[in-house]
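Protein chains: 2
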Amino acid sequence: MDRTEKAIKIDNMRSLCPIANALDIVGDKWTLLVMRDVFAGKRTYGEFQASPESIPTNILADRLKRLVGYGVLQKIPYQQRPVRNTYQLTDKGHSLAPVIREILQWGTKNIAGTAANIKMDL
Amino acid sequence: MDRTEKAIKIDNMRSLCPIANALDIVGDKWTLLVMRDVFAGKRTYGEFQASPESIPTNILADRLKRLVGYGVLQKIPYQQRPVRNTYQLTDKGHSLAPVIREILQWGTKNIAGTAANIKMDL
DNA sequence: AAATAGACTTGCAAATAAGAAGTGACTATC
DNA sequence: GATAGTCACTTCTTATTTGCAAGTCTATTT
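In order, the protein sequence lines correspond to chains E and P.
The numbering of the first sequence is the working numbering, which starts it at 13 and goes up by one.
The numbering of the second sequence is the working numbering, which starts it at 13 and goes up by one.
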């Protein structure tokens, strides 16, 4: 990891296993879908909401907050009056690319009727 | 994918995205932890239960049933009287190795205090 | 002044998870 | 041969999380 960046600190770790702890951050139905959208170039709340899976708005707000909290994304304003924000990848976020790439590959190969038609920076 | 194996068929797909569909199979707090154990050589219900994260027994039963249902694991008896089963990787299950490997790497690099001390066939 | 837009927040019912206890098949022990 | 023990679950109850609809807040556009 980039030495200027701090590692994520999780309290009440359920074990010392990196996989278990990673799953406590990204192991749910929506988090990696938001990350997929970020890797696909989406940046704003509205763009995430517009994705075909129709993430509930309260869940989206919660996931963005968590991802920012863990330092995987950063919230950066792109205009004042009214304030509008973008959510952008940090280095930690960027390093999730291989995880998403492998999930994409696994799904494409093993789940009938799926199509990887989004272009991503993976 | 091995051509002798059928692709997973999901009903009510939330989108055509391979990532979204893959997450509907493995995107939760426990499923990939069970898979980690399988890759670490664990085979029986009791061994999965004994892992340090203490998976609730009803959840374990549910996840094993789902994984078998999707053809990611197979339930194979290793003795009669009393019947005792093992859960073993199918080809579809085996092909999850890269996903787990990348999650393991990400967690190890980015989460403080984690240690990849289990040996896995990844 | 009223309507519109983007980014959320709130409230509540429904679904899922957690935790503890119980069951059934069989084996080993007293 | 009754009693205790093991393994692999199942059931029950409570707690937590999700999903959906509606509402709020700030600011702009008409």
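Note that CB positions come from ideal geometry on N, CA and C, so glycine has one too.
The beta carbon of residue 88 of chain E lies closer than 7 Å to those of 97, 98 and 100 in the same chain, with the five residues before and after it left out. With its beta carbon less than 8 Å from one in chain P, residue 124 of chain E belongs to the interface.
Judged by beta-carbon spacing, residue 130 of chain P lies beyond the 8 Å limit of residue 34 of chain P, meaning their Cβ atoms are not closer than that value.
Counting other Cβ atoms within 10 Å of its Cβ, residue 49 of chain E reaches 16 or more and is therefore classed as buried. Runs of the beta strand (DSSP E) lying entirely within the stretch 85-127 of chain P and spanning at least 3 residues, in chain order: 85-91 and 96-101. Taking a cut-off of 8 Å for Cβ pairs, the stretch 59-77 of chain P and the stretch 62-79 of chain E do not touch, as fewer than three such pairs fall below it. With respect to the 8 Å criterion, residue 115 of chain E and residue 44 of chain E are classified as neighbours on the basis of their beta carbons. Under the Cβ criterion of 8 Å, residue 80 of chain E is not counted among the residues facing chain P. Chain order gives the chain E residues near residue 45 of chain P as 31, 32 and 35, where near means a beta carbon separation below 7 Å. Here residue 20 of chain P is bridged, per DSSP, to E/123.
When secondary structure is reduced to three states using DSSP, residue 133 of chain E falls in the coil class, being assigned neither helix nor strand. Counting of Cβ neighbours within 10 angstroms places residue 95 of chain E among the exposed residues, the total staying below 16.
Interface residue (Cβ-Cβ distance to chain E less than 8 Å): residue 114 of chain P is classified as such. Where residue 25 of chain E is concerned, there is no enclosing alpha helix (DSSP H), because DSSP gives it neither an H nor an E. Taking the Cα of residue 110 of chain P as reference, the smallest distance to any Cα among E/41, E/119 and E/57 is reached at E/119. Its chain contains no residue whose beta carbon lies nearer than 6 Å to that of residue 59 of chain P once the 5 sequence neighbours on both sides are disregarded. Exclusion of the five residues before and after residue 133 of chain E leaves 51 as the residues of its chain whose Cβ lies within less than 6 Å of its Cβ. Note that the C-beta distance between residue 83 of chain E and residue 54 of chain E is not below 8 Å.
Contacts with chain P at 8 Å (Cβ-Cβ) include residue 108 of chain E.
Put simply, of E/38, E/26, E/31 and E/71 the residue whose alpha carbon is nearest the alpha carbon of residue 113 of chain P is E/31.
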